[in-house]
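Below is one structure, written out as structure tokens; comments come after it.
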Amino acid sequence: MAPVGTSAHAQVRINWCGYAPWDDQINLRNQRTTPGRETVSLVTFAKYVAGRVVKFMKLAESLPYNAQDQRWFIGENRITLRDVILIGVVQVSQGSWMPILQLNDRFVGSLGIM
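Mapping of the sequence shown onto the working numbering: residues 93 to 206, in sequence order.
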């Protein structure tokens, strides 16, 4: 089982350059398991976090972008879901987690910084 604490919920927080801080809640109990509602597995937790990253990126396409540096803009012809890899999750406070994201080599190469 995932070492994500004893709470039934966790907050996923994303701070992306140019966008307002964003968070969303994940249910940490396996609703299909009736006796005791066991904590979700680490694999399931990672899938839930990845789902929140997808949700944020889709939402960010319609949010205002407030940075001078346009390299971090999310949307068509910029950073898309195909460009982002979830490489980890870190606990930033009790019940609060942040995904560790990496841009794939194709996108980083297009920026001319490789």
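Quick reminder that beta carbons are idealized off the backbone N, C-alpha and C, glycines included. Fair warning: this is a prediction, and the values are worked out from it, not measured in the lab.
- Only residues of its own chain outside the window of five on either side were considered, and among them Leu178 and Val181 have a CB closer than 8 Å to the CB of alanine 138, listed in chain order.
- Distance from the CA atom of asparagine 107 to the CA atom of tryptophan 114, rounded to whole angstroms, is 7 Å.
- With 16 or more other Cβ atoms inside 10 Å of its own Cβ, alanine 152 counts as buried.
- Secondary structure of glycine 110 (DSSP, three-state): coil.
- Residue range 188 to 195 is occupied by the beta strand (DSSP E) that includes leucine 193.
- Shown here, arginine 121 sits in a strand according to DSSP, grouped into three states.
- For the pair tryptophan 189 and glutamine 117, the CB atoms are not nearer than the 8 Å cut-off.
- According to the DSSP assignment, leucine 155 belongs to no beta strand (DSSP E), since it is labelled neither H nor E.
- Comparing alpha-carbon positions, the option among Glu168, Asp197 and Val145 lying closest to proline 191 turns out to be Val145.
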